[in-house]
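Chemist:
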Amino acid sequence: MELKSRVPDGPVAEKWDKRKFDMKLVNPANKRKYTVIVVGSGLAGASAAASMSELGYNVKNFCFQDSPRRAHSIAAQGGINAAKNYPNDGDSIWRLFYDTVKGGDFRSREANVYRLAQVSVQIIDQCVAQGVPFAREYGGLLANRSFGGAQVSRTFYARGQTGQQLLLGAYQALEKEIAKGGVKMYPRTEMLDLIVVDGRARGIVVRDLVTGKIESHLADAVVLGTGGYGNVFYLSTNAKGSNVTAAWRAHKRGAAFANPCYTQIHPTCIPVSGDHQSKLTLMSESLRNDGRVWVPKKAGDTRAPNQIPDAERDYYLERKYPSFGNLSPRDIASRAAKEVCDEGRGVGPGGRGVYLDFADAIRRLGKDKIAERYGNLFEMYERITAENPYEVPMRIYPAVHYTMGGLWVDYNLMSTIPGLHVIGEANFSDHGANRLGASALMQGLADGYFVIPLTIGDYLGSNKLEPVSADHPEVRAAEAAVVERTKRLLSINGKRSVTSFHRELGKLMWEYCGMARTADGLKHALQEIPKLREEFWQNLTIPGTGQELNQSLEHAGRVADFFELAELMCIDALHREESCGGHFRVEHQTPDGEAKRNDEQFAYVAAWEYKGVGEPPVLHKEPLEFENVHLATRSYK
Amino acid sequence: MNLILHVWRQAGANAAGRFERYEARDVSADMSFLEMLDVVNEGLIANGQEPIAFDHDCREGICGMCGMMINGTAHGPMKMTTTCQLHMRSFKDGDELWIEPWRARAFQVVKDLVVDRSAFDRIIQAGGFVSVNTGAPQDANAIPISKQVADDAMDAAACIGCGACVAACPNGSASLFTAAKVSHLGLLPQGQPERYRRALKMVAQMDLEDFGHCTLFGECQEACPKGISIDFIARMNHDYLRAVATQREETAAGGTG
């Protein structure tokens, strides 16, 4: 396996223009002769499917939900970044590029990030033209807000539902193309394998989730926009259905998996309330603008928060990071919360929580002002916890939120399997070891609207693709493998439910591959995960059959892949002997407990090649060079 | 708390359905309604029985995938709340709950509490978009939009497409869903060129899909987890009437070619 990043030569600001000019084109009359499969219908998938259909390609789009509008991009709250510089505060493409590389702790590919910053500007224009109702000022122009990791206001938003509105924009464009006949939509259909013929991705095997029918779809190229794998931890802010299956099956067919250990833990989520917990809910980062984070100074202090006098409280973020205080970046705020809870100073049932207190802000600004700013979030909090945050401080705790790792892609977003392209959160490319707030939406739409519709043409135009018939041996073999695996899952007839295994795997991962990782812990996890995986394949029970809607079977297939991914994540975390962004190795920290990078040895992308279940994967390295943003230590003190 | 559940079980679209009685024991007030069903399902699986199928995904009230009738009310007793955000503290020990799928001719049952809402997608396909291709539109600030208009459009755009409005309506009408999209796009300058054509086509598709007519009961707005107002239905009717009165045949003779 060779990692050819295919980054164009020349100054970073000219690379994308150069690539666009050098690319092979497919003439408009020929585009309709090509079929492209898009898996996933979130911001990346829907925008890619719609845009490619507009160009004339035949597109088949797949999603496992009942409608493409359900994809988890819909849950993004805060906003989308773009270097528009409307507020005249000195923003520029260069500054957005710089902030994103630095925020990613110098573990992303400069050329991709620059292109992301460039097209960010077009995204906003496109979305407004589609009718996305962004927030506006009285003068009728677009409003902006600030977000973490930036000193300019460049975030566009639609109340607390920015992801929803952007996704509906892309979904509507997709429905427009479905009506026109350019896109054929397959909802409630799950990709279960990739078909590779003569070394090229030529199709997928899917299961119709309603009838259980397993069938193949063939194409000239395949695009995965299947999101992240945070649900390997069982509890995360991801939707229940979010999974790694499409990406993982592609990995097993030869696509390298890059930086799997880079996980983003979001500091402000509602804590776990009991063993029944099925998912975690994010409370927007914006709350930290006015809320103060604290825990009691004394361990085991069970007094009600209003009974604890100020002198006996530890406002630990303000104490440790006086210049950024409660607005410290996500990775830093999360680790600090874990630390105080580990010391026994956590609050709430189970002691895994810290206070986010608005009492000072309410005294300073009045209850009305706070209600105007955060009313909907306070309501949501009260609905879930039955506590009124105007009267008692919120309790929050970090939770898994996003995964920066993903399938390795080159500058054209193509994986190590020719013809297989990967977009959005499913690829690894733009966020390095830590993603900044409001950048996920930007990347999904950049890839889908503005990058893949062009680079797919370059692939199709520069390769002669022979037709593949439905009874090609590789197609038959891939289909047979899926049928066999489904049968195997259904015939275990053991005693334990899928959920019980998923929960147990999640606990292991959270404990040993979560916010703080140690070599010993990771080694321990690497012993436990295969044991649990073995038990899964021997003691799982799935009621029902494969010829019907069977949600346990769907879940089982996904958990089986999470087991294999979990092992790779631990291997990657163990090999990366440094701390960077979302990856914190306890052995590698400064004397005052901050992350310590090792640029000498680890300024590379770790791309892993699959060698079989339980077999050690092979590491390939893509060196990272920083010609424009100079390597520096992040400091928020 | 302990609860008695009567849950609609139906093996498939063409199978006969029936209520099955289950006991939900030791339910914590902090559980969401779906987490309570998760626990019941784990019990069923342990006994070798098929778990209750229900749609759900984000579990934070925004994807619109979950939804069921709980004691005859869409999404249960709490106002402006999806089923996934409804918590068990809304119930008390000993309560007896009747849990059913959305009931509407246009929403066929797929299995148990899962229904087919693809009719909603087809209504959007009929015109719920602005016909602009990806490319280089004008700068986002080229057309100022008053804050009031943008806010009104956002109120309509907040629809999550869950189908509670249809389930709550005695006529099984999709008017609130359709009106929300007609209004969202019809309010904005970007939606003007297709405003009347859109209203015409989306309403026609709604009729084709076996949804009932709107007779302004207002149950939809009561059931809507996003609080979408029936004022939008009035707006849709206005646009539709105007479209009917003023529509002209589209000419096949286009440009000069």
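Line by line, the protein sequences are chains A and B.
Throughout, the numbering used here is defined as the position within the first sequence, counted from one, plus 40.
Throughout, the numbering used here is defined as the position within the second sequence, counted from one, plus 422.
In this text, a Cβ means the ideal position worked out from N, Cα and C, and glycines have one as well.
What's the C-alpha gap between Cys591 (chain B) and Trp524 (chain B)?
Modeler: Near 11 Å, if we compare the C-alpha coordinates of Trp524 (chain B) and Cys591 (chain B).
Chemist: What three-state label does DSSP hand Glu662 (chain A) in the structure shown?
Modeler: Three-state result, Glu662 (chain A): strand.
Chemist: Can you list the beta strand (DSSP E) stretches of 3 or more residues lying completely in the stretch 226 to 313 of chain A, in chain order?
Modeler: DSSP runs (the beta strand (DSSP E)) wholly in the stretch 226 to 313 of chain A: 229 to 237, 240 to 248, 254 to 258, 261 to 264 and 303 to 309.
Chemist: Name the chain B residues whose beta carbon is nearer than 8 Å to that of Leu182 (chain A)?
Modeler: Per Cβ cutoff of 8 Å: Ala562 and Asn563.
Chemist: Classify Ser502 (chain A): buried if its beta carbon has 16 or more other beta carbons within 10 angstroms, exposed otherwise.
Modeler: Result: exposed.
Chemist: Does the separation of the CB atoms of Val333 (chain A) and Tyr395 (chain A) fall below 8 Å?
Modeler: Yes, the pair counts as a contact, with Cβ atoms nearer than the cut-off.
Chemist: Identify the continuous alpha helix (DSSP H) that holds Met434 (chain A) and give its terminal residues.
Modeler: Unbroken run through Met434 (chain A) is the beta strand (DSSP E), Met434 to Thr443; no alpha helix (DSSP H).
Chemist: Determine the direct distance from the alpha carbon of Ser479 (chain A) to that of Val669 (chain A), and round the result to whole angstroms.
Modeler: Near 18 Å, if we compare the C-alpha coordinates of Ser479 (chain A) and Val669 (chain A).
Chemist: Hey, would you say Ser256 (chain A) sits closer than 8 Å to Ala89 (chain A), going by beta carbons?
Modeler: No. Outside cutoff.
Chemist: State the beta-bridge partners of Glu522 (chain B) as determined by DSSP.
Modeler: In DSSP, Glu522 (chain B) forms a bridge with B:Met491.
Chemist: Report the rounded CA-to-CA distance for Ile77 (chain A) versus Glu641 (chain B), giving the unit in angstroms.
Modeler: One C-alpha to the other measures close to 41 Å.
Chemist: Assuming Gly622 (chain A) and Gln304 (chain A) make a contact with CB atoms under 8 Å, what is their CB distance in whole Å?
Modeler: Right, their Cβ atoms sit about 5 Å apart.
Chemist: Rounded to the nearest angstrom, what separates Asp382 (chain A) and His509 (chain B) at their Cα positions?
Modeler: For Asp382 (chain A) and His509 (chain B), the distance between alpha carbons rounds to 30 Å.
Chemist: Counting only C-beta atoms, is Ala579 (chain B) closer than 8 Å to chain A at any point?
Modeler: For Ala579 (chain B), the answer is yes, since a Cβ of chain A falls inside 8 Å of its Cβ.
Chemist: Would Gln589 (chain A) count as contacting chain B if we go by Cβ distances under 8 Å?
Modeler: According to the sequence as given, residue 589 (chain A) is Leu; it is not Gln. With 8 Å as the cut-off, Leu589 (chain A) counts as an interface residue toward chain B.
Chemist: Give the single residue among B:Glu671, B:Ile545, B:Ala578 and B:Lys648 whose Cα lies nearest to the Cα of Ala626 (chain B).
Modeler: For the residues B:Glu671, B:Ile545, B:Ala578 and B:Lys648, the minimum Cα distance to Ala626 (chain B) belongs to B:Ile545.
Chemist: Under 8 Å: do the stretch 457 to 467 of chain A and the stretch 569 to 589 of chain A share three or more Cβ pairs, one atom per stretch?
Modeler: No: the two stretches stay apart, fewer than three of their Cβ pairs being nearer than 8 Å.
Chemist: Determine which residues of the stretch 464 to 482 of chain B have a Cβ less than 8 Å from any Cβ of chain A, and write them out in chain order.
Modeler: Correct list: Glu464, Leu466, Ile467, Ala468, Gly470, Gln471, Glu472, Pro473, Ala475, Asp477, His478, Asp479, Cys480, Arg481 and Glu482.
Chemist: Identify every residue that forms a DSSP beta bridge with Cys620 (chain A).
Modeler: BP columns for Cys620 (chain A) point to A:His623.
Chemist: Do we get a CB-CB distance below 8 Å when we pair Leu500 (chain A) with the residues of chain B?
Modeler: It does not: the Cβ of Leu500 (chain A) has no partner Cβ on chain B nearer than 8 Å.
Chemist: May I have the straight-line CA-CA distance separating Ser45 (chain A) from Gln643 (chain B), to the nearest angstrom?
Modeler: Each residue's alpha carbon lies about 53 Å from the other.
Chemist: Measuring alpha carbon to alpha carbon, tell me which of A:Gly239, A:Gln578 and A:Glu604 ends up nearest Val515 (chain A).
Modeler: Nearest option by C-alpha distance: A:Gly239.
Chemist: Is the beta carbon of Lys292 (chain A) sitting closer than 8 Å to the one on Tyr650 (chain A)?
Modeler: Contact: yes.
Chemist: By the 8 Å beta-carbon criterion, what residues does the stretch 419 to 439 of chain A contribute toward chain B?
Modeler: If the cut-off is 8 Å between Cβ atoms, the stretch 419 to 439 of chain A has Met420, Arg423, Ile424, Thr425 and Ala426 near chain B.
Chemist: Considering just the uninterrupted stretch of the alpha helix (DSSP H) at Gly608 (chain B), what are its terminal residues?
Modeler: Residues Ser597 to Leu609.
Chemist: Flag Leu530 (chain A) as yes if its beta-carbon sits less than 8 Å from any beta-carbon of chain B, otherwise no.
Modeler: Chain B, which has no Cβ nearer than 8 Å to the Cβ of Leu530 (chain A), makes this no.
Chemist: DSSP on Phe602 (chain A), reduced to helix/strand/coil?
Modeler: Phe602 (chain A) falls in the helix class under three-state DSSP.
Chemist: Are the CB atoms of Trp430 (chain B) and Asp534 (chain B) within a distance shorter than 8 Å?
Modeler: Yes; because the gap between Cβ atoms is below 8 Å, this pair is in contact.
Chemist: Which one or two residues does DSSP pair with Tyr395 (chain A) in a beta bridge?
Modeler: Answer by DSSP bridge pairing, in chain order: A:Trp334 and A:Arg435.
Chemist: Ends of the alpha helix (DSSP H) at Glu506 (chain A)?
Modeler: Counting along the chain, Glu506 (chain A) falls outside any alpha helix (DSSP H), and DSSP gives it neither H nor E.
Chemist: Could one say the Cβ of Pro559 (chain B) lies closer than 8 Å to chain A's Cβ atoms, at least one of them?
Modeler: True, the Cβ-Cβ gap to chain A drops below 8 Å.
Chemist: Starting from Tyr662 (chain B), follow the alpha helix (DSSP H) in both directions and report where the run begins and ends.
Modeler: Here the alpha helix (DSSP H) through Tyr662 (chain B) covers Asp653 to Thr668.
Chemist: Could you check what DSSP says for Gln629 (chain A) in three-state terms: helix, strand or coil?
Modeler: In this structure, Gln629 (chain A) counts as strand in the three-state DSSP scheme.
Chemist: If we ignore side chains and look at the alpha-carbon of each, how far apart do Lys378 (chain A) and Arg674 (chain A) end up?
Modeler: Their backbone Cα atoms lie some 20 Å apart in a straight line.
Chemist: Quick one: Cα of Gly534 (chain A) to Cα of Gln578 (chain A), how far?
Modeler: Distance between the alpha carbons of Gly534 (chain A) and Gln578 (chain A): 6 Å.
Chemist: Bridge partners of Arg403 (chain A), per DSSP?
Modeler: Arg403 (chain A) is not bridged to any residue.
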